[in-house]
Every structure is written in C-alpha cells, then in structure tokens.
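The next block holds one structure in the form of structure tokens; read it before the comments.
Number of protein chains: 4
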Amino acid sequence: MQTSQAHRSLKEKQRQEREALILQVAEEVFLERGYHETSMDEIASRVGIAKGTVYLHFPGKEDLIIAIFARDMQEILRQMDASMDCQSSPQAKLEALLHFMYAGLFSKRTQLLSSIYHSADMQRLFAEKGNCLKVLWDRVAQCVAQLLDEGKARGYFDASIPTSIMTNTFLSLLSPKSYERLLAEGQFMPEDIVLNAGKIFFRGIQA
Amino acid sequence: MQTSQAHRSLKEKQRQEREALILQVAEEVFLERGYHETSMDEIASRVGIAKGTVYLHFPGKEDLIIAIFARDMQEILRQMDASMDCQSSPQAKLEALLHFMYAGLFSKRTQLLSSIYHSADMQRLFAEKGNCLKVLWDRVAQCVAQLLDEGKARGYFDASIPTSIMTNTFLSLLSPKSYERLLAEGQFMPEDIVLNAGKIFFRGIQA
Amino acid sequence: MQTSQAHRSLKEKQRQEREALILQVAEEVFLERGYHETSMDEIASRVGIAKGTVYLHFPGKEDLIIAIFARDMQEILRQMDASMDCQSSPQAKLEALLHFMYAGLFSKRTQLLSSIYHSADMQRLFAEKGNCLKVLWDRVAQCVAQLLDEGKARGYFDASIPTSIMTNTFLSLLSPKSYERLLAEGQFMPEDIVLNAGKIFFRGIQA
Amino acid sequence: MQTSQAHRSLKEKQRQEREALILQVAEEVFLERGYHETSMDEIASRVGIAKGTVYLHFPGKEDLIIAIFARDMQEILRQMDASMDCQSSPQAKLEALLHFMYAGLFSKRTQLLSSIYHSADMQRLFAEKGNCLKVLWDRVAQCVAQLLDEGKARGYFDASIPTSIMTNTFLSLLSPKSYERLLAEGQFMPEDIVLNAGKIFFRGIQA
DNA sequence: CATGAATGAGCGTTCATTCAT
DNA sequence: AATGAATGAACGCTCATTCAT
C-alpha cells in the first residue's frame, strides 16, 4: 500500500531527524563541557527527550561520540570530494578545504574533532570501537597527501619535505583551540586567521 | 636550635622531593590514561604512598593537574629565558625552543600539555582554578611574540602577517599527537619532524 | 447476525490461541533465562508480536508468570482429576501423578514451577497477586493428602506419619533441578529416576 | 614492633567481622526479598554502612551471593566432617546431617541455598563465576554418596537403588521451602518434620 | 604525619509500562 | 486491535574526598 509505505518512510524520516538532532545537540554539549563532564541526562534534557530515548538511537555514550565523529568526518570528506572535482590547483583545493573547515559553524566542530580526538582518554576508545573512524580519517589524510604530492610533481611544492610531515603540519593548522582566544579578543575574523595560517603554510612548503 | 632547623629543613626537603615525585608520576599516568581515566588511587599506588597522602600535598585532583601544567610551563619558561640570553638570532632562539620542546622526554610532556590543555573538559577547570596557568602561558606566548617581533624589526620575518597569528601557528607546531603515528611507523626520528615542521614555519614567515 | 457472532467468536478464538502461544513461549523463556533475566521484549519478539500486544493480554510481567503457573497447575489438576476417577489404588494414583509430572515435556514445567515458585523473589509476588495460585496449589496438595489418607485408612500407608508431612515429602520429589544433572550425565532415563524416587517414597511410607 | 602487629591484626579482625556482618545481613535480605529484588543500597543501609563500603569487601553483587553460598557450604562441610569422624552408623551420620541442616537458624540458610541455587537465574551465574561452589557442592554430594555406599556394603541400604538417585533424594529432603508453611501453621516443630522426612527416606532405602 | 577505610553523590544503562498512531 | 517509540524510575558500580586512628 502506498499509505503504508508513505507512513513508514515518514516514521523513518522522523527517526533520522531525531537522530540528527541528538547528534547535533550532543556535539554542542560535548564541545561545551567535554566528553566526561557531559552526562547522558544533560544531552537528553537539552534535546527535550528522556534519557532512555537516546539509547534507542545509540547503544551507549561511547557510540554516541563516535557517531558524531563519523558524521563530521563524512561531511569533511564530502567537501573534499567536491573540491577534488574542480579544475583548480592543488593549493587552491587545500585552501578551499582550510576555509571550509575553519569557517563559521564548522570551526567549532573542527575544534571538537581535534581536541577530543587527540585527547589521551579517547585514544583507547577509538582504538577499541572506532576502527571506522580510522578509515575515514585515513581517507582525509590520504586525500591531503595526494594533493601535496600532486603539487610536488608539478613543481609547486618543495619535494625535499616529506609529504607525511607536510600532511600533519597542514592538518595541525586546523586544530588549535587557542585560536579561539584571538577570535574572542575580537582583533580578527576567522577568515583572517585561516588566510594567514594558510599563507604561512603554503609559503613554507613552496618549491 | 640548629638541630631543629636542620631537622625541619630536612623534612621540608623530603616533602618537596615527594611532591615532585607525585607530580612526575601523575604526569606519566595522565599521559597514559588521560585525566578522567586516571584515579587518585592509581597515582598514589604508583608513587608508593597512600591516597590520603596525595591530599596532603594537593587539595584535589584538579589542583594536581594544574600543578603539573604549572611545573611544565615553568620549565619551558626557564628554557626560554636561557635561550633569550644568548646572542643568536630570533629564528635560532625559536628553533632552539622547538627542539627543546620536541626532543626526548619533553615531547611527551608537550603532548600532554597540548592534548589536555586544549581538551574541552579542561577549559572550565582552567577558567576557574587555573588563572596562574594563564599567566604562565601568556608569558610563553609573549616571549614567542617578542622574538617574532624582533625578527620582523630586523627584516627577517614577514611584517604583513600579524604576530599573534604567527605565535599561534608556531605554538601549534608543538601540539599534534598525530605526529606520534609518524614516529610509531618508524620512518622518522623526532628530529626529522621538528626540523621539517620548523622549516615550513620559518620559510612561511620569511620576509 | 450469525455472521457477526461467527466473526466475533473467530476473533475470540484467535485471541485465545495467541494468549496460549504467549504463555507457552514465555514459559520457555522463563525456564531458560529465569524470571528476572527475561525481558518482555524477548518474549514478544520470540512470539513474533509487538511488545505492546503482550500487554493487551496480560496487565504486566507479574501477571504473565502467574498466568503460567495457573495454567500449569490447572493441567496438573486435570490430570489428577482423571487419575482420581479410575479404580486403582491410592498408590497407583500417586505413581501416575508422579509419572505425569516427571515425564517428557512436563518435567521441564515442573522444574520451572518448582524452582521459580520456591524462589525467594516470587513469594512476595504470589502473596500479593497470586491468591488464585494458592487456591490451586492447595487443591493439588489436598488431593495428594486425600489419597494418602485413603491409603492410610486402607492400611497401606503408615498412619504414624502425619499426612501433611507425607504430602510435602511427596511433592518435594518432583522439584529438584538437581536431577537434571543425572539426566545430563546420561546414566539414567527420566523413568529411572521417577521409578526409584517413587520406590523410596512409597516404601518409606508403607505401613 | 608488637604494637604494629597487634594493631594490624586488630584491624584485620575488625575487617573480617565486618565482612561476616555483611554476609549475614545480605543473606537475610536475599532470603527475604530474593536476589534480584534486593538492592546493594538496601544491604548497605541494613548493615548501617555506605553502599561503597560493601564494594570494599566484595567486588560486586554476584560475588556477594557467591560468597554467601561458599560460606554456608563450608559450614555444612565442617559439620559433615565432624559427623564423619564419629563411630556411628551411616544412617546415624546422615540423620545428624539432616538435623543440622534443618534445625534452628540453619533451616533458613538451607532454604536460601536451595531456593536460590536451583533458580533458573542463578544457574548462569554459578556456571560463570561459581566454579568454586560446584567443587564444594560436589564434596557434599560425594560425602552423602559415600555414606550411602557404606550403608549398602554393610547390608543396611537397598543396593538395587542407584546411589546417585538416593543422594539426590536425600538432598531434596532439605530443600523445600514448602515446609515453611507447615511450620508457620504451628502444627509442627522443625524436629517433627526432620524426623518424619528422615523416617520416610530411611525406610524407603532400607534393604 | 601518614594512612586507608569509609563515604555518598553521581553516572551509564536497563526495561516494564504507557499511549499516540 | 496492534504497534513500537518514548518514558523515567531504579539499579549496580566508581571514585574523589574526608577523617579517625
């Protein structure tokens, strides 16, 4: 029956919307309070649902944060794939990625990704449950590395610097929560920071 | 009485030695397990003392980690002050700092400093209890900024890039735990990484 | 209308069939996992219906297990009534009961009845909700007691042993889950056990 | 130092006393409410200590009940060993055991042992954590079996009934909570029940 | 001083029950 | 009637902190 199908897909849509809402709110709270300081109760009440409902969508707190990471990385990957398609230079593509990850709302996510991902506590968790994350993150890193290699091949980038170190340095540009202070002090716009950090990086690796 | 004084100062010395030992062990454990995954019990038993004794030296777990940060920053500051005294160029001084912080045992500390310091959970803590840290960290940042400004004044560094952003970028070089993987894979020595990351940075900010 | 009645009675029949199915499946699961380790979810999904549907038939989990007990006891009573009708001796009747309760599928039920019924957790429950069970169980006990009294009257059984104690001893023969091990080890068939336990009992109460 | 040793042994003694108290109270509560209906909170508050303190003595709820079983079985074994030493007949020894387990306070314990031990929920638990219990219980069963075999050898007991079935029947005499009702009704003293149940059993297995 | 037993608030998780669809 | 998503009370367990010895 059409009705039945429509009904089921409506339910399914609502379910996914709710799941996305939980992820979004949880991300905010984790960002504000940190993983350990955030209770499932707080997430639930901020979403406006009961604690048990969260468990209908995610088997546990750990899976919840892994799902957040997975979602964010997938979004980054989507953006990267979009960037890779166009005809611009490797540097332009990397700059686009830099802007995407450091602009507007995404800079917050990037901070969460970075600060939690690199925290000592989470390493175990990701080692145990987050093998899917490793795959996604490796894809991001490989993509960056590929662009850097391409730039080297074309003679844009300095071939004497190992690509893997370049990649790490590039991805480190995205992480520091410390930039937040610069923004908070109001001297700079996000774009200023991205622009200048990018400038340093690209001049630094220039052939 | 002399004896009494000597006795007292001996006691005091022992006390300080133990305090230092607690800090050292706690740093190791925090680095291995992360702040929240580490229990006061584990720290105490690794030091070989009773849990209560830790509380004779530090009012609480939070104060303990703040003390670790403070001690580490002070060591960094000592090194910085030593570097500032000599006659070398600003770049040489910054490179010395980079090597100091990324070489041998200190790279571990730097990772802890970075990964925990920037983690979302700790921000509140530092905002409430850690104003002394802010002061110390600001001194580090100011020192770097001063060197960068000096380099700009001498025409070495690009004056069009704001010093505060340069400073942040420089300090970001020290943070990423991700470099650990490069080391683990065995392709690089720590020196390689410091050298190349420094190369990128200094070429990036070159006038 | 006939149709309406037929329809209604069809519905009613289906309803009763499902109720019986729920009871049967729930009994199995309770036997496998125990009362507290069994969730309503598991029962429902094993039956192939939704959790809410179980609640259309039984007001709650407690009522469900009480219904199981009631059903099983009624079956025992049916068997007892059948046994009572025939012309055989009291001992033969009791032996028939013993075989009935310890043969084939019923031994499992008897175990459930026994192990759960006597468990400390269930006593409260039965005290509060299960007064119907008490009535049924008392009828079983009375029936056994009556047979024993009859045997005493005819001079078969030892009149010096109080009937109520005899009754309890007889009913205890049925309970122990421990016999399961003997069966599991494969040395004995269920019949062997019933036969021998019966032998001990009847020789024990012999006049 | 004497003082230190004395002090330590005092502490240790207090510790063991407390542990015994917890076991005793927990046994009571488990007996009253059943395992699943009893919360650690309730046990603690009945002992008059905090919940956490219970966990200083037992790693978890499961270990607590296993410890209770182990303690009770050890007491039974002690009594059995004592009985075995004397010069009386096998039957006398088994009767002594019967009295011990069914007299006074111990009948409660026996009930708990029996009702919980045979409950479906606990089987898993004991299968996973309680292998020490199996050993103890097997020793009890072996001891009974040995006495029965001895009686057979001396021509007291009927050699045509398998010892293992006799053993089970004997141990079943101890279990039924149902006897509680007879006691509650006030018609019988515990001794009456033990005496008569024993009479049935021993006449039942008589050669 | 040093100890470590005791505390108890707080958390993640489960699951019987309800009710809108 | 049947569903199953949502609920929320309750529980087992942890661990930072305290304090009597």
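Chains as they are written, first to last, in full-length UniProt numbering: chain A, 1 to 207; chain B, 1 to 207; chain C, 1 to 207; chain D, 1 to 207.
C-beta: ideal position from N, C-alpha, C; glycine also.
Keep in mind the model is a prediction, meaning the values are calculated, not measured.
(request) Establish whether the CB of M1(A) and some CB of chain B are separated by less than 8 Å. (result) At M1(A), the pLDDT of 47 sits below 50, so the modelled position is not reliable and the matter cannot be decided from this model.
(request) Classify A70(D) as helix, strand or coil using the three-state DSSP reduction. (result) helix
(message) Tell me which residues share the same chain as residue 208(A) and place their Cβ nearer than 6 Å to its Cβ, disregarding the 5 neighbours each side in the sequence.
(response) A query on residue 208(A) cannot be resolved here, the shown segment of chain A reaching from 1 to 207 and no further.
(message) Closer than 8 Å between beta carbons: that is the criterion. Which residues of the UniProt domain "HTH tetR-type" (16–76) of chain C meet it against chain D?
(response) F30, L31, E32, R33, G34, Y35, H36 and E37
(request) Under 8 Å between beta-carbons, which chain C residues line up against Y102(D)? List them in chain order, please. (result) Under the 8 Å cutoff, chain C gives no residues; its nearest Cβ is about 12 Å from Y102(D).
(message) With a threshold of 7 Å (Cβ to nearest heavy atom), would S39(A) be considered close to the ligand FAD?
(response) The ligand content of the structure shown is nil, which means the ligand FAD is not present either.
(request) Note down, in chain order, all residues in the segment 117–132 of chain C with a beta-carbon under 8 Å from any beta-carbon belonging to chain D. (result) H118, S119, A120, D121, M122, Q123 and R124
(request) Report yes if the C-beta distance between Q91(C) and Y35(C) is below 8 Å; otherwise report no. (result) no
(request) Return helix, strand or coil for F58(B), following the three-state DSSP convention. (result) coil
(message) Check for me: the alpha helix (DSSP H) holding G204(A) runs from which residue to which?
(response) P190 to I205
(message) Taking beta-carbon pairs under 8 Å, can you tell me which members of the segment 192–207 of chain B lie near chain A?
(response) D192, I193, N196, A197, K199, I200, F201, F202, R203, G204, I205 and Q206
(request) Please check the pair residue 212(C) and I161(C), which I expect to be a contact at CB under 8 Å, by giving their CB distance rounded to whole angstroms. (result) Within the shown structure, residues of chain C are numbered from 1 to 207, placing residue 212(C) beyond reach of any answer.
(message) Using a Cβ-Cβ distance cut-off of 8 Å, determine whether P90(B) contacts chain A.
(response) no
(message) I need the boundaries of the alpha helix (DSSP H) containing P162(D), first residue and last residue.
(response) Run containing P162(D): none; DSSP gives neither H nor E here.
(request) Quick one: measure Cβ to Cβ for S164(C) and S172(D), integer angstroms, because I've assumed they're closer than 8 Å. (result) Between S172(D) and S164(C) the Cβ distance is about 18 Å, and since that is not below 8 Å, they are no contact.
(request) Please decide whether S83(D) counts as near chain C, where near means a Cβ-Cβ distance under 8 Å. (result) no
(message) Which residues in chain A have a C-beta closer than 8 Å to the C-beta of L182(B)? List them in chain order.
(response) S164, I165 and N168
(message) So, at 7 Å on beta carbons, what are the nonlocal neighbours of P190(C) in its own chain, with the 5 sequence-adjacent residues on each side left out?
(response) Y102, A103, S107 and L183
(request) Ignoring anything shorter than 4 residues or poking outside the segment 71–134 of chain C, list the alpha helix (DSSP H) runs there in chain order. (result) 90–102, 104–117 and 120–129
(message) I'd like to know whether the C-beta of Y179(A) is nearer than 8 Å to at least one C-beta of chain B.
(response) yes
(message) If I measure Cβ to Cβ from residue 211(D) and keep anything under 7 Å in the same chain, skipping five residues before and after, which residues do I get?
(response) Outside the shown range of chain D (1 to 207) lies residue 211(D), about which nothing can therefore be said.
(message) Less than 8 Å between the beta carbons of L98(A) and V194(A), yes or no?
(response) yes
(message) Determine whether the beta carbon atoms of L31(B) and A120(A) lie at a separation below 8 Å.
(response) yes
(request) Go ahead and label N131(B) buried or exposed: buried means 16 or more other beta carbons lie within 10 angstroms of its beta carbon, across all protein chains shown. (result) exposed
(request) Could you spell out the range, first to last residue, of the alpha helix (DSSP H) harbouring A184(B)? (result) Y179 to E185
(message) For a quick check, are the C-beta atoms of V140(D) and I76(D) less than 8 Å apart?
(response) yes
(request) Specify the secondary structure class of L31(A) as computed by DSSP and reduced to three states. (result) helix
(message) Taking 8 Å as the threshold (C-beta atoms), are K129(D) and E27(D) in contact?
(response) no
(request) Indicate whether at least one CB of chain C lies closer than 8 Å to the CB of L94(D). (result) no
(request) Please classify E42(A): does DSSP put it in a helix, a strand, or coil? (result) helix
(message) Against chain D, with Cβ distances strictly below 8 Å, would L148(C) count as a contact?
(response) no
(message) Please tell me whether F69(C) and L133(C) are closer than 8 Å, where the distance is taken between their beta carbons.
(response) yes
(message) By the three-class DSSP mapping on this structure, what secondary structure does I49(D) have?
(response) coil
(request) Keeping to the same chain, check which residues put their C-beta closer than 7 Å to that of R15(C); ignore five residues upstream and five downstream. (result) none
(request) Note down, in chain order, every chain A residue with its Cβ under 9 Å from the Cβ of S173(B). (result) One point to set straight first is that residue 173(B) is Leu, not Ser, in the sequence displayed. Correct list: T169 and S172.
(request) Kindly indicate if chain B contains any beta-carbon less than 8 Å away from that of K13(A). (result) no
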